[in-house]
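A quick write-up on the structure given underneath.
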Amino acid sequence: MLTSLLKFAALLLTVTLMACSPKFDWREVRGSDAPFTILMPAKAASFSRLMELDGVNLNLHMTAADAGGVSFAVGYAKVNESSKIPGVLAAMQAGMLKNIRATSSKPRQSDGSEIEAIGQLQNGQTVKLLGRFVARGNWVYQVVIIGPEKALNADVVDTFLTSFKAG
């Protein structure tokens, strides 16, 4: 009887702690190589790989976190030849749309620097992507959120996208 009671108490404590834990634990993240800051909803992981975007070889870095069934990421790279920046940004945007097999997309800003798209992950899950593609100096950035449309509430999207600062 005491063992069953202890097991029940442990289960109740676990459920209570899970209910109290925030879905989004916002924290400031700074770029280790690039000049930017952003709020991430969980502990972020970083990686990089060599890529070719619009004929430009570069080292693309990614800092990302997942929370509440949503992925948050900042991709960035340094482009040494400034005339190549518009093409690299366009290739970043096209690559993200291809990654989610976008079935529709539309600009969120008149200059095309922000987009909204609906697509599918490889597992068939329908997702929404919200992204910003900008340059600051010789740095190009993609700031994206990908997840089920119902999980992308306006406050979460606004907190993430407006927190991005690059210098």
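FYI, the numbering for the sequence shown is -19 to -1, 1 to 148, going by mature numbering (1 follows the signal peptide of the UniProt record, and there is no 0).
Don't be surprised by glycine CBs; every beta carbon is placed ideally from N, CA and C.
Please go through the same chain and pick out, in chain order, the residues whose beta-carbon is closer than 7 Å to the beta-carbon of residue i, but skip the five residues on each side of it.
i, result
"I66", "V60, A116 and V121"
Roughly how many angstroms lie between the CA atoms of residue i and residue j, to the nearest whole one?
i, j, result
"E62", "S29", "20 Å"
"G128", "G105", "12 Å"
"N40", "M32", "6 Å"
"R113", "E95", "4 Å"
"G68", "G118", "15 Å"
Exposed or buried, what is residue i when buried is set at 16 or more other beta-carbons lying within 10 Å of its beta-carbon?
i, result
"P22", "buried"
"K109", "buried"
"T84", "exposed"
"T44", "buried"
Got a sec? Which residues, its chain only, sit under 8 Å from residue i by beta carbon, not counting five neighbours each side?
i, result
"V137", "F5, P22, G49, V51 and I126"
Between residue i and residue j, is the Cβ-Cβ spacing less than 7 Å?
i, j, result
"A75", "L34", "no"
"A25", "V10", "yes"
Say the cut is 6 Å; is the CB of residue i nearer than that to a heavy atom of the ligand FAD?
i, result
"P88", "In terms of ligand content, the structure shown is empty, and the ligand FAD therefore cannot be addressed."
What is the residue span of the beta strand (DSSP E) that residue i lies within?
i, result
"G56", "V51 to K59"
"Q90", "Per DSSP, Q90 belongs to no beta strand (DSSP E) and is neither H nor E."
Below 6 Å CB to CB, which residues in the same chain sit around residue i once its five sequence neighbours on both sides are set aside?
i, result
"S13", "none"
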